[in-house]
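Protein chains in written order, with the working numbering: chain F, 1 to 468; chain Y, 1001 to 1096.
Everything below concerns the one structure shown next.
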């Protein structure tokens, strides 16, 4: 949104392609505009003022005809063309109709975000166990509270807003289990001190949690879930430094809902087929390499937000604006009224990026998390491949990465194509220091052969920029 | 205001059907949100272990929440906006 608004302010024509029913990504996940009255979720959003300002700016540009906003348009692939890029989307705005849409543009900004990183544990495939992002999307996008008695676990500050939002909508949050230790922040105080807004945000959540008497247990992990048709009991334990459960500390808590998240994995599906370089993001994931102007290693291709390293919404906004300025510069577009000096925006990127790095260091995936797996714990949810099977593939000496495990065991071969189990399988078999690189998948979202067959004439040949 | 107008003013929630049974929803909700709001967290079984599955990631990444919508199989309930009159089928395996 920020990239599109800045590019439009600078005089470009823009097509903004979004898979959702309202712009805003996962952070500002809103119900569609027609449901503003029936599904009021404004109270659950942080920094709504910025969101509304961006929506207003985009709406103004839409009225002039220079912005084409394509909602409910998942992009299934992107390709390089002689004069730029081809973006292949599916129009799902009028179901059950599904129509192929092909866009061409000389410049492309990809800002596809990230999704929750998951680590398997016994019982994590029971209904009632969700990703924390899933709980948040039901709340923010649908006004729905996933359960009555909730335990949250994993690592990172994202657990706090989800706990606060659940409490605000009447759920009983029994515990927030943070695997990390708050003392980790003290080792890198500088990025904290330079980001007072983050402190204020954290203090707000802390206040809400205190008001609802929600305990935050640090160095604590969810090590199991039990139940028949849905989760009924969650097992938590104090964690040793490496993340293994401390013997004798396990407790059983009754709960009907469990939310788990271990940070995020950049959503690189649209970037990988374009061949841009990736680098270690420092949190166990790979992200797109970008220069100070958010240019990837592919000419004309720019990335903003979590695709160039997970770092939150404020960073994504700054990166989006910087990327738009680069597009304007590179295409030599006339006039750039209303743009902030790129230097200030770049400084904001550097500051937020430093904060994100400190955050990743303070909330690592615990080294010894596989200690809570049993041999019959499901690792790949789609193909129901167990930890024992994955370990056997490694023990044979035949598998050293998640792709080889896939060939040997079918882990990662199902519907989700390894998006859920990939990072975990990688941790189970790969060298410790090596970050997870997702497999390249040409088709990012399923589409019907009918829609594929009618991908005929391009939508327009006059769109200089197409942030997605 | 006439009596007839008063009758039509009574708000009735729109509904879709789940395996033939009507389920009310709030406009703007996805099928998954409406199902969870009604207390359901599982609505299909896996191919191998016949394990119950429902919504997990909520954003279209995990494919756990698959349903059949108006005869189209393999639809992610967390991404499909609920519309009045939709026929949703559950109990879908994941082998197709």
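Beta carbons are placed, not taken as given, at the ideal position from N, Cα and C, and that holds for glycine.
In this structure residue 1016 of chain Y is not in contact with residue 1091 of chain Y, their Cβ atoms being roughly 16 Å apart against a cut-off of 8 Å. Contact with chain F is found for residue 1070 of chain Y, since one of that chain's Cβ atoms lies less than 9 Å from the residue's Cβ. Note on residue 190 of chain F: under 16 other CB atoms within 10 angstroms of its CB, so exposed under the neighbour-count rule. The C-alpha of residue 238 of chain F lies about 10 Å from the C-alpha of residue 178 of chain F. Between residue 276 of chain F and chain Y, the shortest Cβ-Cβ separation is not below 9 Å.
Taking a Cβ-Cβ threshold of 7 Å, the residues of chain F close to residue 1051 of chain Y are 125, in chain order. Excluding the 5 residues flanking it on each side, residue 173 of chain F has same chain C-beta neighbours closer than 6 Å at 150, 163, 166, 167 and 214, in chain order. Where residue 329 of chain F is concerned, there is no enclosing beta strand (DSSP E), although the alpha helix (DSSP H) around it starts and stops at 313 to 331. Assigned with DSSP and collapsed to three states, residue 236 of chain F falls in strand. Its chain contains 140 and 143 as the residues whose beta carbon lies nearer than 6 Å to that of residue 41 of chain F, once the 5 sequence neighbours on both sides are disregarded; these appear in chain order.
Residue 116 of chain F reaches chain Y at 1057, counting residues in chain order whose Cβ is nearer than 7 Å.
Taking CB atoms only, residue 1077 of chain Y has no neighbour in chain F less than 9 Å away. Around residue 97 of chain F, no beta-carbon contact reaches into chain Y at under 8 Å, the shortest distance being about 11 Å. Nearest C-alpha to residue 391 of chain F among F:383, F:330, F:381 and F:402: F:402. Look at residue 146 of chain F: its C-beta is under 9 Å from a C-beta on chain Y.
Flagged as an interface residue toward chain Y: residue 32 of chain F, by a C-beta distance shorter than 9 Å. For the pair residue 156 of chain F and residue 368 of chain F, the Cα-to-Cα distance works out to about 17 Å. Distance from the CA of residue 253 of chain F to the CA of residue 152 of chain F, rounded to the nearest whole angstrom, comes to 12 Å. Under the three-state reduction of DSSP output, residue 43 of chain F falls in the helix class. Rounded to the nearest whole angstrom, the C-alpha separation of residue 260 of chain F and residue 282 of chain F is 21 Å.
The three-state reading of DSSP puts residue 298 of chain F in coil, since its state is none of H, G, I, E or B.
Below the 7 Å Cβ cutoff, chain F contributes 127 as neighbours of residue 1054 of chain Y, in chain order.
Here residue 270 of chain F really is in contact with residue 78 of chain F; their C-beta atoms are around 5 Å apart, less than 8 Å. Not a single C-beta of chain F is nearer than 9 Å to the C-beta of residue 1089 of chain Y. Of the residues F:348, F:138 and F:243, the one whose Cα lies closest to the Cα of residue 365 of chain F is F:243.
With a cutoff of 9 Å on beta-carbon distance, residue 263 of chain F and residue 372 of chain F are scored as not near each other.
Across the stretch 1031 to 1052 of chain Y, CB contacts with chain F closer than 7 Å involve 1033, 1036, 1037, 1041, 1042, 1046, 1048, 1049, 1051 and 1052, in sequence order along the chain. Residue 1019 of chain Y is outside the set of residues whose beta carbon lies under 9 Å from a beta carbon in chain F. Contact between residue 1088 of chain Y and residue 1069 of chain Y holds: their C-beta atoms lie close to 6 Å from each other, under 8 Å. One alpha carbon belongs to residue 376 of chain F, the other to residue 1029 of chain Y, and they sit about 36 Å apart. A direct Cα-to-Cα measurement between residue 209 of chain F and residue 316 of chain F gives close to 27 Å. Taking C-beta separations shorter than 8 Å and ignoring five residues to either side along the sequence, the partners of residue 250 of chain F in its chain run 223, 235, 236 and 237, following chain order. Listed by position along chain F, the residues whose Cβ is nearer than 8 Å to that of residue 1027 of chain Y are 34, 35, 38 and 39. When beta bridges are read from the DSSP output, residue 218 of chain F appears opposite F:178. Proximity of chain Y to residue 367 of chain F at the Cβ level (cut-off 7 Å) is not reached, the minimal Cβ distance being about 25 Å. Rounded to whole angstroms, the gap between the alpha carbons of residue 349 of chain F and residue 318 of chain F is 6 Å.
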